[in-house]
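Taking it in order: structure first as structure tokens, then the write-up.
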Ligand SMILES: [Fe+2]
Ligand SMILES: [Fe+2]
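This is the structure:
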């Protein structure tokens with residue numbers, strides 16, 4: 016795993032970065048070094064953007080009769096991958112009723128928040144996810160360091176994780192944290208790339224812009 020940071024240069028980037036840093040502050044204050052429980056809430060939040068973005072892009076493409084250039088599948092795959100992260104850490108951290116109720120409330124608020132952000136500024140929304148994933152990578156690097164230092168038990172990997180990532184039968188929590196961290200690196204790079212595509216005016220689109228319908232080659 017490798018931490019990288021995309022410098023926030025534009026106003027949109029700075030807003031996205033400030034929002035993520037604010038969320039990070041609350042996560043650090045609430046969870047401190049309970050990385051398993053932190054992962055559960057983080058993954059609950061992280062599984063939302065791909066589904067919201069994929070659904071809105073899908074509706075936009077239907078409405079405007081546009082090719083999505085493969086982005087809808089990428090976004091939905093991201094949501095699916097994040098859900099598997101959540102399923103895995105539920106097995107590892109076994110959240111109590113209070114943490115489950117936090118997950119419930121966080122999801123309710125975050126779905127509305129991200130939907131509005133995506134409608135108002137798709138570019139800011141993807142940049143926001145890019146920065147969120149940067150912080151996810153940091154969290155998993157710290158999680159790994161705690162396991163290596165012996166502060167967190169390196170327990171056997173859950174079966175669901177072994178199956179999903181094709182891990183060996185002796186795989187441990189350490190192996191799981193590494194593969195999850197690598198997934199987060201990929202999400203980070205994909206979302207920063209999507210935000211860049213919007214800036215450059217190609218590839219993905221802002222679902223509520225007033226672009227004209229793409230010309231198609233008619234057969235008749
Ligand atoms: Fe994740
Ligand atoms: Fe992620």
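In the numbering used here, the protein residues as written are 16 to 235.
C-beta atoms are modelled at their ideal positions from N, C-alpha and C, and glycine is treated no differently.
- In this structure, the straight-line span from the alpha carbon of residue 50 to that of residue 64 is close to 22 Å.
- Here the C-alpha atom of residue 37 lies approximately 19 Å from the C-alpha atom of residue 157.
- Within the same chain, 65 and 202 come within 6 Å of residue 93 by CB-CB distance, once the 5 residues on both sides are set aside.
- Here DSSP, grouped into helix, strand and coil, assigns residue 171 to strand.
- Scanning its chain for C-beta atoms nearer than 6 Å, with the 5 sequence neighbours on each side dropped, one finds around residue 87 the residues 69, 72 and 73, in chain order.
- For the options 113, 107, 148 and 122, the alpha carbon positioned closest to that of residue 197 is the one of 148.
- Relative to ligand 1, the beta carbon of residue 178 is positioned no closer than 7 Å to any heavy atom.
- In this structure, the alpha-carbon of residue 190 lies about 43 Å from that of residue 80.
- Non-local C-beta neighbours of residue 17 in its own chain, meaning closer than 8 Å and more than five positions away in sequence, comprise 152 and 200, ordered along the chain.
- Collapsing the DSSP output to three states places residue 187 in a strand.
- Out of 118, 210 and 165, the CA that lies nearest to the CA of residue 143 is found in 210.
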